[in-house]
Structures are given as C-alpha cells and as structure tokens.
Amino acid sequence: MIEDVTMMQPRVWVVIPVYNNGATVREIGLGCLRELPDVVVVDDGSTDADVAALFTGSGVTVLRHETNQGKGRAILTGLRYAGERGADFMITVDADGQHHPADIRKFLPVLAAHPAAIVIGARDMEVPNVPGSSRFGMKFSDFWVRLETGLSVRDTQSGFRAYPVKYLLQLECVSNNYDFEIEMLVRAAWAGLEVKSVDIGVTYPEKGKRISHFRPFMDNLRLSYRHMLLVMRRLVPWPYTKLVKGEPDEMRLFLRHPAKFLRQMLSEHALPAELGMSAGVGVFLATLPLLAMHTVVILYVTTRFRLNRVMAVAIQNLCMPPVVPFLCMELGYFMRHGKWLTEMTRETWVTQAPQRLWEWLLGSLVVGPVLGVIIGLLVYGIAAWLGRKKGVRIPPSPGSYGATSQESEVRGKP
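The sequence shown maps to residues 43 to 456 in our numbering.
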C-alpha cells in the first residue's frame, strides 16, 4: 500500500539566525515557540548580548558561532541541527522584529500538501515605513531569479521561508552571507523543487530605529556578483542534478522530441512583463555581430531563460542590416578613434572588415542594452494596454498559494 505523504503532518522546526539583535530576538524566539515546539536560535557571534542567557529555561535551543560567519552559515548550522533530529521542514525567521511569528501557521497547510517545496513568505510592502530601497531590492532580485529559473517568484529577498530539509542538505551552495538565500532558492528550483508563496505581514520601524546589518554597497555588490554567476551557469548547456523528478529540461526535449518542442514554442504565451523581457533580450542579441547565427543564439538563450521565444525571434527583425549594424560600427569607431567614420570606400568596408567587426561588437555593447531596454519597455506597455483594453485580469504569480486551476491555465507554463 502506497502511503499518501500529502496527508502526513510534517515535523517543522524554526531556525532564527541572529547577529547583534539582542533587543528583539527573545520576543521573536518566544513567539515562534508559541507556534511550534522546536525552535533553534543560531547566534552568529553576537557581541551585544548573551543570547543563550536570554533564553535560559524557555525551551528554545541556542547554538553559537564564536565568530561572525555570515547569515548563510548560520542557516546551514540550524539546517544540519534540525536535520539530525528528524525535521522535515525548517522555517527561517529573521531576528530583527520585522516578521510576525504568528504567520508561521500560514505555512503549515502548504508544507503538508507540498513535501518538496520551498515556501516563501511574501511580505506586504504597502505597510508604513517600508524603505524605497527595500521595494527596489525586492523587484530587482525577483527579476534576476525569474531569469535564472524561469519562475515568477514573489519576494525572493524575504528571510521568512520554509525549506524541505532532506533536499537542501543535498544542495551545494558556496555563499555564506545574504546571497546564500538567493543561491539556495535558485539551485533548489534547478533541482526540481517547487517554489510556493504565502502572504505574510511585516513591521518596519521608523527610519533610524531599525537595526540592520545589511551593508548596502558590499552586500549589494556580493548579490550582483552571485546573480552574474547564476546567470552564466544558466547559459551552460550542462544538465542540473535533479532531486525531484519533473518535466524534462527543454534542451533535452528539443534533442529528443523536436516536433513536440516546436509545438510547445508556437503555443507559448506570457504576461506583459515576460513579453517585454523576451523582446529586450531578443533585441540585445540581435545587435551583436553573430553573423548568420542570430536566430540560433536567440532560441538557445530564450530557451535557457524560459522566455517567449516567438517574441524574441520576431523582434530581432528590428535590428536587421543596414541601420543598426551601421550605427554600432560608427559608435565603435568613435570609441576607438575619437571621431566618426566618414570614408565609405571599398578598402574601408572590405579590406578593413575585421576592424569593422570589432567596432560593431564594441558599439553593440552600448547600443544593444539601450535599445533592448527601450523596446522591452515599449512591448511591455503595449501588451499591458491591450490586456486592460480586452479586460484580461493579470493572475497572481506562479506558486502563489491558493491560485485556481483557471488562473494556472491563463498563465501557461513558465
């Protein structure tokens, strides 16, 4: 008899990484203890308080790093500790008082129904005192995760999330700091895990009263570097290690069933933002000097990023010779020589063809991104306007808990 795992109640632990949040961590820890019996606080070398003493006799377990090793290392310490004691899921909660421990109960039915899922607590960013930098950072991160995984994930920077322990213990991440949560999420999606989300509340103190250890320059630089590496890995045609069986990778589908791949490509559709992104990528690649290879490269890149291939291939016609290549060459020539190319002779365009190609490449690295952003925004605007005109309701992001089957059908495959 096959056991129905979806009806089993998983054992869920709470892990709270903390570094110098002595004023708020006790309240957060005790709040989590009211929701679940197994709570672990990982003190990542705090110097502002004796964290262990704060929880004496409370029932909360405190683990300590003697030196600060980063949020990622603290989460891994809690993950291994919970895994060794039979935990099925680990819910991480930030210690700075931003999260509401009572929201843990929103995760539990999703975890019971999806044993191989990461569940993200999507914050309500419309509450008072939310910094503009936090809103921008969330959208920026969501954009890159969409590109790296093909999934439209809500609030990829939220630290309030649930992880399936046995699967995460098999993933190898090299990040130790704030970029750990992004890398873990992306690698888990590559491994075949589901990504779900639940709506949670959030509290932001007034400006100047919130204690944050996020260093804007250094940590944003580290996050950008991590996204760059993940995008580069996404482009490599080497298959990912799958921990959960699912639909075959689209590159394998193309190699094994090209006719099915073509039918899928011709039937795909996307939301306005995805159409805009597809158009922007198609235009950028079309400006590069990929002689006789534009369509092949565009199909490959958009397939790897799960973008709308029909849009990207069609939009490349805007960059056909002679206008855009000539503009790129002129700009590249100016970048090399400090003046515009005005000699239109046989020697200029035939004998010196290798130089013109080099200048085309240089110019395209400037023209491509600019033109890609302009066309992408234009396509997004037109698609959104047509959607509103036709009365099409934009559904919630894939993975949102509670989405109906009808909404899933509207979205189509990511």
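C-beta atoms are modelled at their ideal positions from N, C-alpha and C, and glycine is treated no differently. If you're wondering where the values come from, they're calculated on a predicted model, not measured in any experiment.
Taken atom to atom, the span from the alpha-carbon of E316 to that of V408 is near 23 Å.
In the DSSP assignment, I133 is bridged to V56, A204. Below 8 Å, too few C-beta pairs join the stretch 83-90 and the stretch 177-197 to call them touching: fewer than three. The C-beta of M386 has fewer than 16 other C-beta atoms within 10 Å across all chains shown, which makes the residue exposed. Between T66 and A137, the CB-CB gap stays under 8 Å. Restricting attention to R348, L341, D197, P157, the CA atom closest to the CA of G243 is found in D197. If you ignore the 5 residues before and after A116, its C-beta comes within less than 6 Å of the C-beta of P59, V84, D86, all in its own chain and listed in chain order. Going by DSSP, D184 is part of the alpha helix (DSSP H) stretching over 174-191. Under DSSP, R165 forms a beta bridge with I242. Setting aside the 5 residues that flank it on each side, E77 is surrounded in the same chain by V56, P143, A144, I146, R147, each with a C-beta closer than 8 Å to its C-beta; the list follows chain order. Between V81 and A129, the CB-CB gap reaches or exceeds 8 Å.
For R398, the enclosing alpha helix (DSSP H) covers residues 395-431.
In the three-state DSSP reduction, V286 falls in the coil class, being neither helix nor strand. In this structure, R264 sits near N219, with a CB-CB distance shorter than 8 Å. Rounded to the nearest angstrom, the Cβ distance from A204 to F149 is 5 Å, consistent with a contact under 8 Å. Spatial neighbours of V339 in its own chain (CB-CB distance under 7 Å, excluding positions within 5 residues in sequence) are listed in chain order as L327, L332.
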